[in-house]
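90 is the number of the first residue of the sequence shown in my numbering; add one for each residue after it.
We put the beta carbon where it would ideally sit given N, CA and C, even for glycine.
A quick note: this is a predicted structure, and the numbers were derived from the prediction, not measured.
For reference, the structure is listed below as structure tokens.
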Amino acid sequence: MDKLSIEEISDAIGRLNSKKLVSETERYLKIIRLTDELIRKQKPLADKDRKLAEQYREAVEKESAILMSATSISLKLILNFRFTANGHIREFEKNFSYFKKLKAHHIGLLMSICDDAEMIQTMLRQSAKTRLMIQTHSETLQKYDYLTKVLRERMADRPTTLLKLRGSGKKITALNQTFGEMNDYESHHAENLQKQAEQHITGSEFADYYDIIRESHENIRRRQHYIAAYLKELKQGWEVLKSLAIGGYSSRMDGMLKHLLSEHSKRQAAFREHVVNCRQSLI
């Protein structure tokens with residue numbers, strides 16, 4: 090086996106690390122949970138808090154991009170990793186069989202890491218767009234609430250009898266007509282405004298959007314833990330694959346081989362089930 094290829098792959102996989110991504114993500118989710126609560130309650134958000142949240146989000150995206158780039162390098166090296174008998178002629182078939190399976194295991198893990206890192210970026214951007222939409226329209230709703238509140242107070246305080254000026258001049262007649270139209274309008278709309286006020290809870294119109302943002306954050310947290318677990322398994326697997334490539338199969342590998350290939354099979358089965366469920370949902 091090409092010693093240089095093994096060293097290159099070892100270096101590339103050894104550099105893969107999700108600790109910075111996890112710490113940056115947790116820091117971002119912590120501050121954004123606080124800012125979202127302020128927005129939800131329609132309380133003012135300080136510029137420094139908004140800028141800090143944006144800064145943390147950019148840090149997460151940066152770490153995701155770094156991990157994706159490093160993972161792509163490892164994936165390319167694994168794809169080009171070729172098996173040779175390396176003097177183990179009697180065990181060639183067994184060595185080659187395990188080599189192919191472990192290589193597929195590594196490729197699957199690396200692709201999953203890339204996919205999850207990319208999904209973290211996508212969900213961060215989408216939740217940021219949703220949050221901006223809520224902030225923008227929240228101000229309009231606050232103005233609407235204030236206006237309807239003034240109208241309701243005006244209607245509640247209006248006299249029970251129709252205001253009418255005495256006299257018969259043109260101006261007095263026009264004013265009395267205006268007063269009558271105002272009274273008709275208020276009588277017609279007062280009940281509807283009151284019903285709307287009773288049914289409307291400030292901020293409730295965005296409840297579904299906040300649910301989406303919260304689910305995105307939970308998904309981001311899950312995916313970062315998946316990445317950490319995948320990297321741990323990848324590094325364990327590489328030690329086995331490297332030993333297999335250099336020294337050939339050994340019965341001492343059985344336990345780890347069984348574990349790694351079992352995990353790979355579970356992921357493949359879960360993916361197939363996911364595809365089937367997606368197709369059924371489209372029918």
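Spatially closest choice to residue i from the options, by CA coordinates
i              : options                        : result
alanine 135    : Tyr145, Gln144, Thr124, Arg129 : Thr124
arginine 83    : Gln144, Leu127, Arg104         : Outside the modelled stretch of the chain, which goes from 90 to 372, sits residue 83, for which no answer is possible.
cysteine 203   : Ala217, Lys218, Thr225, Ser161 : Ser161
tyrosine 187   : Leu330, Ala148, Arg312         : Leu330
leucine 323    : Glu126, Ile167, Arg122         : Ile167
lysine 137     : Arg129, Ile121, Lys130         : Ile121
glutamate 207  : Ser163, Glu150, Leu141         : Glu150
glutamine 313  : Glu96, Phe268, Ala154, Ser107  : Ser107
isoleucine 335 : Leu371, Arg310, Phe181, Glu270 : Phe181
glutamine 210  : Phe172, Asn308, Lys260, Asp297 : Asn308
methionine 212 : Glu352, Asp100, Arg311         : Arg311
threonine 225  : Arg116, Phe172, Ala359, Arg129 : Arg129
aspartate 300  : Glu126, Glu115, His348         : Glu126
histidine 348  : Lys109, Lys140, Thr173, Leu191 : Leu191
glutamate 115  : Val365, Arg146, Lys260         : Arg146
glycine 109    : Met200, Val365, Ala148, Arg139 : What sits at residue 109 in the sequence shown is lysine, not glycine. Cα-wise, what sits closest to lysine 109 is Ala148.
Contact check, residue i vs residue j, beta carbons under 8 Å
i              : j              : result
serine 332     : methionine 342 : yes
leucine 320    : histidine 194  : no
histidine 363  : leucine 118    : no
lysine 183     : tyrosine 315   : no
alanine 317    : valine 111     : yes
leucine 254    : asparagine 272 : no
isoleucine 98  : serine 158     : no
glycine 197    : arginine 356   : yes
tryptophan 327 : isoleucine 102 : yes
tyrosine 298   : isoleucine 223 : yes
serine 216     : isoleucine 95  : no
Buried versus exposed call for residue i [16 or more other C-beta atoms within 10 Å across all chains shown]
i                 : result
glutamine 325     : exposed
serine 113        : It should be pointed out that residue 113 corresponds to glutamate in this sequence rather than to serine. Looking at its Cβ environment, which holds 16 or more other Cβ atoms inside 10 Å, glutamate 113 is buried.
glutamate 152     : buried
leucine 105       : buried
glutamate 218     : Sequence inspection shows lysine at residue 218; the glutamate mentioned does not correspond to that position. With fewer than 16 Cβ atoms within 10 Å of its Cβ, lysine 218 is classed as exposed.
alanine 263       : exposed
leucine 221       : exposed
glutamine 369     : exposed
phenylalanine 170 : buried
lysine 165        : exposed
aspartate 205     : buried
alanine 142       : buried
serine 201        : buried
Per-residue DSSP class, three states only, for residue i
i                 : result
phenylalanine 268 : helix
leucine 105       : coil
serine 257        : coil
tyrosine 374      : Because the chain is modelled from 90 through 372, residue 374 falls outside the range shown and cannot be assessed.
arginine 171      : coil
lysine 130        : coil
Span of the alpha helix (DSSP H) around residue i
i              : result
isoleucine 167 : 136-168
lysine 347     : 343-371
Residue i: CB within 7 Å of a non-hydrogen atom of the ligand NAD
i              : result
isoleucine 162 : With respect to the ligand NAD, the structure shown offers nothing to examine, as it has no ligands at all.
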